[in-house]
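Heads up, the thing below is written out as structure tokens.
Numbering (the working numbering), first residue to last: 3 to 140.
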């Protein structure tokens, strides 16, 4: 069911291959090598190389998951390319404009999930800055 639904849900028919930056290949190789992978390292590296322009830490796990479900590298590349362009690229921009914007989502979420913790911390968002900034350093 997922193999049929995912390409439709993410709009993978609007597929354009994206090539990973040459400078990011070292990180791709290290991350894939650290991961136990039954999909085949070369196959996963190829999918990553064709589906993202700027590699970020953890993308290999997303790519591996999609490859395992789809069982077709070309379909996986089309899905991952679309996810990268539409969703992930906002968080790997060359500037940190989103950091203050994202920080303001944390207090309402915390209030909803753990009211007592929210009351103890308050609306000060500086505690989550380091966590959000790691997205830009990885």
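Quick reminder that beta carbons are idealized off the backbone N, C-alpha and C, glycines included.
Just verifying my parser: in three-state terms, what is the DSSP assignment at residue i?
| i | result |
| --- | --- |
| residue 54 | coil |
| residue 73 | coil |
| residue 65 | helix |
| residue 89 | coil |
| residue 127 | coil |
| residue 81 | helix |
| residue 111 | helix |
| residue 116 | coil |
| residue 30 | helix |
| residue 59 | coil |
| residue 100 | helix |
| residue 35 | helix |
| residue 21 | coil |
Would you mind working out which of the options sits nearest residue i, comparing C-alpha positions?
| i | options | result |
| --- | --- | --- |
| residue 106 | 91, 126, 118 | 126 |
| residue 22 | 43, 54, 33 | 54 |
| residue 24 | 57, 119, 111 | 57 |
| residue 78 | 103, 92, 51, 34 | 51 |
| residue 35 | 90, 26, 62 | 62 |
| residue 48 | 59, 30, 60, 114 | 30 |
With a threshold of 6 Å, establish whether the CB of residue i neighbours any heavy atom of the ligand GDP.
| i | result |
| --- | --- |
| residue 44 | Among the ligands in the structure shown, none appear at all, so the ligand GDP cannot be discussed. |
If you check the beta carbons only, do residue i and residue j fall under 7 Å apart?
| i | j | result |
| --- | --- | --- |
| residue 45 | residue 66 | no |
| residue 130 | residue 108 | yes |
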